[in-house]
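In the working numbering, the protein residues as written are 1358 to 1614.
Here a beta-carbon is modelled for each residue, glycine too, at the ideal position from N, C-alpha and C.
This structure is a prediction, so every number in the text was calculated from the model and none was measured.
Reviewing the structure listed below.
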């Protein structure tokens, strides 16, 4: 047997990845597929989700807005149809809006909670029966939610985003407590300064890039693949005894703050 003959760490598993058209979601969908999973890659109809994975093996794109009331059932149904079950749910879709509290509109606040929290909650709720069935058959199933280092810190102008990411952390811990008896682990990722579509505009300024890179112990910004590898760890069989945990993946950004 050669190294290329060794099954991937997610061989035979079925995963859902939201916010998959770019950034952390796209990188995670590609890594999961490379590791042997069948991936339902979900993003908004207005995103390039139907074209970004053209010719990608084991990735099934699905154009759905996660905030739609019918989306959770449709997304889980796609996993059952395409893969015959569900092993891993990665809630990664997210938005951020920056303004000081006195200028932060109700609409901006509501939008961040709608996407970052409510959509994740509803998809978790819809996925539990399928995850429970898979855990009963294989001994394990996984939920991973994307939070942020802002779930443990704060910054100017990010009241809605920070509050929503604290909520993601709290939701994840509660789910971990409720679902552990069935062998379903629930963890959350806390990315630091990562080059994604959400941050690209800021990091196009070389001075801003340098400031944030120097803040990290590793002296660089993170990449979507850095985050995908962290998610892979939490989704893999090696993480059987990790649940309710927030995995900080920030290159040491928060060590001194």
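Residues that DSSP places opposite residue i in a beta bridge
{"i": "residue 1656", "result": "Residue 1656 is absent from the model: the chain starts at 1358 and stops at 1614."}
{"i": "residue 1542", "result": "1499"}
{"i": "residue 1547", "result": "1605"}
{"i": "residue 1417", "result": "1397"}
{"i": "residue 1579", "result": "1551"}
Residue i in three-state terms, based on DSSP
{"i": "residue 1399", "result": "strand"}
{"i": "residue 1366", "result": "coil"}
{"i": "residue 1486", "result": "helix"}
{"i": "residue 1358", "result": "Because the pLDDT of residue 1358 is 41, which lies under 50, any placement of that residue in the model is unreliable, and the number read from its coordinates should be weighed accordingly. Reduced to three states, the DSSP call for residue 1358 is coil."}
{"i": "residue 1599", "result": "coil"}
{"i": "residue 1382", "result": "helix"}
{"i": "residue 1563", "result": "helix"}
{"i": "residue 1410", "result": "coil"}
{"i": "residue 1455", "result": "coil"}
{"i": "residue 1426", "result": "coil"}
{"i": "residue 1574", "result": "coil"}
{"i": "residue 1517", "result": "helix"}
Status (buried if at least 16 other CB within 10 Å, exposed otherwise) for residue i
{"i": "residue 1383", "result": "buried"}
{"i": "residue 1429", "result": "buried"}
{"i": "residue 1537", "result": "exposed"}
Closest Cα partner of residue i within the set the options
{"i": "residue 1422", "options": "1415, 1437, 1406", "result": "1406"}
{"i": "residue 1577", "options": "1366, 1563, 1440", "result": "1563"}
{"i": "residue 1352", "options": "1526, 1465, 1590", "result": "Lying outside 1358 to 1614, the shown extent of the chain, residue 1352 is not represented and no answer is given."}
### Cβ pair count under 8 Å reaching 3, the segment 1547–1559 against the segment 1362–1381
yes
### Query
Per the contact definition of three or more C-beta pairs closer than 8 Å, is the segment 1521–1535 in contact with the segment 1494–1506?
With the rule of 3 Cβ pairs closer than 8 Å, the segment 1494–1506 counts as touching the segment 1521–1535.
### Message
For the structure I just gave you, are there three or more beta carbon pairs, one from the segment 1464–1483 and one from the segment 1583–1591, closer than 8 Å?
### Response
no
### Query
Below 8 Å, can you find three or more Cβ-Cβ pairs linking the segment 1442–1451 to the segment 1364–1373?
yes
### Message
For the structure I just gave you, are there three or more beta carbon pairs, one from the segment 1460–1475 and one from the segment 1396–1410, closer than 8 Å?
### Response
Output reads no: the segment 1396–1410 does not touch the segment 1460–1475.
### Message
Pairs of beta-carbons, one from the segment 1560–1574 and one from the segment 1508–1524, closer than 8 Å: are there three or more?
### Response
no
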